[in-house]
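*Asks:* Supplied in structure tokens, the structure appears directly below.
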Amino acid sequence: MIKVKQLAHVCIFAHDLEATRGFYRDVLGMDTRFNFLRDGEIFGFYLDCGGRSHVEVFEKGEASYSERNQINHFCLEVEDIEAAIAHIRLKGVEVTPKKLACDDTFQAWITDPNGVKIELFEYTGKSAQFTGGDRVADW
Numbered sequence: 001m002i003k004v005k006q007l008a009h010v011c012i013f014a015h016d017l018e019a020t021r022g023f024y025r026d027v028l029g030m031d032t033r034f035n036f037l038r039d040g041e042i043f044g045f046y047l048d049c050g051g052r053s054h055v056e057v058f059e060k061g062e063a064s065y066s067e068r069n070q071i072n073h074f075c076l077e078v079e080d081i082e083a084a085i086a087h088i089r090l091k092g093v094e095v096t097p098k099k100l101a102c103d104d105t106f107q108a109w110i111t112d113p114n115g116v117k118i119e120l121f122e123y124t125g126k127s128a129q130f131t132g133g134d135r136v137a138d139w
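Position 8 of the sequence shown, counted from 1, bears residue number 8 in full-length UniProt numbering, the numbering being contiguous throughout.
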């Protein structure tokens with residue numbers, strides 16, 4: 001029997017690798033863990049999400065985001081969502097206001113330079129992810 005330990009990484013495509021690297025570094029504080037090289041050129045990289053989780057990025061100029069894609073967004077847990085929102089706004093990036101979602105977790109949303117939607121999470125003592133129980137969706 002298999003036992004999944006955690007999500008290892010999410011892979012996204014980027015139109016511009018360096019603009020994408022700068023966004024994740026400067027806006028979200030995610031440092032590059034390593035680069036992928038081919039013929040001496042960088043064509044992708046791994047970003048550190050903390051612990052053993054990563055975002056994997058590969059250059060693909062023709063990539064486009066659509067609500068019809070199978071993966072809709074990915075979510076990053078933050079320590080202090082209000083501080084995260086303030087920092088993101090200082091970087092000139094649009095971010096939604098903090099909202100307490102139906103799962104009793106605070107959330108806010110941003111979009112990266114490639115159109116990838118990113119949810120920011122701050123768990124609470126009542127978050128359904130830890131307490132369980134069905135929740136009525138409010139969207």
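Note that CB positions come from ideal geometry on N, CA and C, so glycine has one too.
Quick one: using the 10 Å Cβ neighbour count with 16 as the cut-off for buried, is T105 buried or exposed?
*Replies:* Taking the first residue of the sequence shown as 1, we reach residue 105 at position 105. Classification of T105: buried, given that the 10 Å Cβ count is 16 or more.
*Asks:* How many angstroms separate the CA atom of H87 from the CA atom of V95?
*Replies:* Along the sequence shown, read from residue 1 onward, the residue named residue 87 stands at position 87. Along the sequence shown, read from residue 1 onward, the residue named residue 95 stands at position 95. Straight-line Cα distance between these residues: approximately 10 Å.
*Asks:* For E18, count the other beta carbons within 10 Å of its own beta carbon; 16 or more makes it buried, fewer makes it exposed. Which is it?
*Replies:* Residue 18 sits at position 18 when you count from the first residue of the sequence shown. Its Cβ having fewer than 16 others within 10 Å, E18 is exposed.
*Asks:* Just verifying my parser: in three-state terms, what is the DSSP assignment at G44?
*Replies:* By one-based count along the sequence shown, residue 44 stands at place 44. Strand, per DSSP.
*Asks:* Check this for me: beta carbons of F23 and P113, under 8 Å apart or not?
*Replies:* For this step, residue 23 is matched to residue 23 along the sequence shown. For this step, residue 113 is matched to residue 113 along the sequence shown. Yes. Within cutoff.
*Asks:* Does the stretch 116-125 come close enough to the stretch 70-81 that 3 or more CB-CB pairs lie under 8 Å?
*Replies:* Segments in contact, yes.
*Asks:* Starting from I12, follow its DSSP beta bridges and name the residues at the other end.
*Replies:* Here residue 12 refers to the residue found at position 12 when the sequence shown is read from its first residue. Beta-bridge pairing links I12 to V57.
*Asks:* Provide the residue(s) that pair with C75 in DSSP beta bridges, ordered along the chain.
*Replies:* Your numbering for residue 75 matches position 75 in the sequence shown. Answer by DSSP bridge pairing, in chain order: E119.
*Asks:* To the nearest angstrom, how far is it from the Cα of T32 to the Cα of K98?
*Replies:* Residue 32 sits at position 32 when you count from the first residue of the sequence shown. Residue 98 sits at position 98 when you count from the first residue of the sequence shown. Going from the Cα of T32 to the Cα of K98 covers about 27 Å.
*Asks:* Taking the alpha helix (DSSP H) that A128 falls in, what are its first and last residues?
*Replies:* As a first step, residue 128 is located in the sequence shown; it is residue number 128 there, counting from the start. That run of the alpha helix (DSSP H) goes A128 to T131.
*Asks:* How far does the alpha helix (DSSP H) with L37 in it extend, from its first residue to its last?
*Replies:* Taking the sequence shown and counting its residues from 1, the one referred to as residue 37 is at position 37. First-last for L37: T32 to R38, but that is the beta strand (DSSP E), not the alpha helix (DSSP H).
*Asks:* Can you give me the start and stop residues for the beta strand (DSSP E) that T111 sits inside?
*Replies:* In the sequence shown, residue 111 corresponds to position 111, counting from 1. It spans F106 to T111 - the beta strand (DSSP E) in which T111 sits, taken as one unbroken run.
*Asks:* Can you tell me whether DSSP reads L7 as helix, strand or coil?
*Replies:* Your numbering for residue 7 matches position 7 in the sequence shown. Coil, per DSSP.
*Asks:* Out of A84, W139 and T20, state which residue places its alpha-carbon closest to the alpha-carbon of K60.
*Replies:* If you number the sequence shown from 1, residue 60 lands on position 60. Answer by Cα proximity: T20.
*Asks:* Distance check for Q107 and L100, CA to CA, integer angstroms please.
*Replies:* Taking the first residue of the sequence shown as 1, we reach residue 100 at position 100. Taking the first residue of the sequence shown as 1, we reach residue 107 at position 107. Going by the C-alpha atoms only, they are around 6 Å apart.
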